[in-house]
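Going by the working numbering, the sequence shown opens with residue 1, and the numbers climb by one from there.
Glycine is no exception: its CB is placed at the ideal position from the N, C-alpha and C atoms.
Just so you know, these numbers come straight off a predicted model, no measurement behind them.
Before any comments, here is the structure.
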Amino acid sequence: IRGAIALGKYEEAYGMIGNLARFFQLALSHGDEKIPIADEMEMIEKYLELMSIIYPGQFQWKINVDDAIKPFLIAKFTLQPLVENAIQHGIRPKGENGTLTITGSFEDDDISIYIMDNGIGIDEKRLQGLQNSLSSGEIRQGAGYGIKNVHSRLQMFYGMRYGLTINRAEIEGIVVKVLIPQDV
1 IRGAIALGKY EEAYGMIGNL ARFFQLALSH GDEKIPIADE MEMIEKYLEL MSIIYPGQFQ
61 WKINVDDAIK PFLIAKFTLQ PLVENAIQHG IRPKGENGTL TITGSFEDDD ISIYIMDNGI
121 GIDEKRLQGL QNSLSSGEIR QGAGYGIKNV HSRLQMFYGM RYGLTINRAE IEGIVVKVLI
181 PQDV
């Protein structure tokens with residue numbers, strides 16, 4: 001924001017301030033630990049709008065979340081760290097033509113939200129380390145502390161059958177699946 005003001009880009013700075021204010025308003029959410037998926041998605045959109053200004057032209061995003069799941073609750077700050085990881089560790093190192101896709105829908109009696117990027121991907125050893133960290137509950141050095149934190153919070157709120165799974169995308173990048181129950 002300071003940089004935009006210094007460059008005389010006042011409209012851009014004004015828009016960034018509005019996005020940041022709304023992001024924090026949603027993040028505070030009256031102190032609630034769980035918020036509607038609709039609010040979490042709006043928070044993600046505000047975050048992505050800010051990141052697209054900070055990293056112009058490096059990525060685009062697509063969000064396709066079924067409206068029917070939006071009233072259900074999700075642990076606050078579940079998706080933002082995952083989106084941040086996709087941008088910082090997958091898309092930004094790629095340098096250009098990054099795409100982040102977020103989809104969400106019912107899966108049997110649960111809700112699945114997928115965060116997919118077409119970034120640089122992950123080598124097999126690091127992927128194995130992340131998967132082992134999630135399944136064992138142990139945090140290993142360099143094994144995705146933020147991802148493990150989100151996974152642990154989801155299991156704390158919803159039970160051991162819920163949380164994250166991480167895999168390589170079919171062509172390039174990473175796919176993170178968030179599985180939560182239909183919590184109202």
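- Taking the Cβ atoms as the reference, Leu127 lies roughly 11 Å from Ile147, outside the contact range of under 8 Å.
- Assigned with DSSP and collapsed to three states, Ile120 falls in coil, not helix or strand.
- Secondary-structure assignment with DSSP links Gln60 through a beta bridge to Thr99.
- Cβ neighbours of Leu134 within its own chain (closer than 8 Å, five residues either side excluded): Ile147, Lys148, His151, Gly163, Leu164, Thr165 and Ile166.
- The distance from the Cβ of Asp67 to that of Gln182 is about 14 Å, inconsistent with a contact at the 8 Å cut-off.
- Within the model, the alpha-carbon separation for Tyr114 versus Ile5 is close to 36 Å.
- For Asp109, the three-state secondary structure derived from DSSP is coil.
- Annotation for Leu48: no beta strand (DSSP E) segment contains it, though the alpha helix (DSSP H) segment containing it runs Ile37 to Ile54.
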